[in-house]
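Numbering (the working numbering), first residue to last: 460 to 598. Read through the structure below, which is laid out as structure tokens, and then see the notes.
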């Protein structure tokens, strides 16, 4: 499920959902979902979807002409991976959680290795005569 993928992803990965037209309005499990006819209705449906899916990600609502679908491909549930510089690195035609995880693994930086503890023991410091604190008896 996407919620688990988001929770387990590296912290520097930003997930964004671009909410476009509802591809299954009035069908199957979506039989009570009406295709929005205004941007405000689409926004409200996006809010409802985000709440029901319990997704803590940024939701953007596409214009009614669906320019993002035209830009990224006219598929109902894509996953597009964009590098920090803006280059599209990979596209999935279906945002299947296992496929999203697979792609993220190729992006995840290798964990930083902690330096191995040195096997050489440092000699115990022995204070020199000059560094000994003066006491009343030594004055």
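Virtual Cβ for every residue (Gly too), placed ideally from N, Cα, C.
Note down the Cα distance separating residue i from residue j, rounded to an integer number of angstroms.
i, j, result
"residue 502", "residue 477", "11 Å"
"residue 489", "residue 472", "30 Å"
"residue 485", "residue 517", "26 Å"
"residue 540", "residue 549", "5 Å"
"residue 551", "residue 558", "8 Å"
"residue 491", "residue 504", "12 Å"
"residue 587", "residue 543", "Caution is warranted here: a pLDDT of 48 is assigned to residue 587, below 50, making its placement in the model unreliable, and the coordinate value is therefore given only provisionally. If I take the Cα positions, the gap works out to 57 Å."
"residue 465", "residue 564", "13 Å"
"residue 560", "residue 554", "10 Å"
"residue 493", "residue 510", "18 Å"
"residue 500", "residue 562", "33 Å"
When you compare each of the options to residue i by their alpha carbons, which one comes out closest?
i, options, result
"residue 547", "554, 538, 553 and 555", "538"
"residue 508", "545, 551 and 461", "461"
"residue 535", "498, 525 and 500", "525"
"residue 520", "506, 562 and 493", "506"
Which stretch, first to last residue, makes up the beta strand (DSSP E) that contains residue i?
i, result
"residue 505", "Note, residue 505: premise wrong, no beta strand (DSSP E); alpha helix (DSSP H) at 498-512."
"residue 540", "538-541"
"residue 548", "547-551"
"residue 520", "517-520"
"residue 476", "475-478"
So residue i and residue j are in contact, right, with Cβ under 8 Å, and what is the actual spacing, rounded?
i, j, result
"residue 528", "residue 496", "Going by Cβ atoms, the distance from residue 528 to residue 496 rounds to 17 Å, so no, they are not a contact pair."
"residue 467", "residue 556", "With 8 Å as the limit, residue 467 and residue 556 do not qualify as a contact, their Cβ atoms being about 10 Å apart."
"residue 522", "residue 498", "7 Å"
What are the start and end residues of the alpha helix (DSSP H) that includes residue i?
i, result
"residue 534", "Run containing residue 534: none; DSSP gives neither H nor E here."
Are residue i and residue j close, meaning C-beta to C-beta below 9 Å?
i, j, result
"residue 482", "residue 566", "no"
"residue 530", "residue 474", "no"
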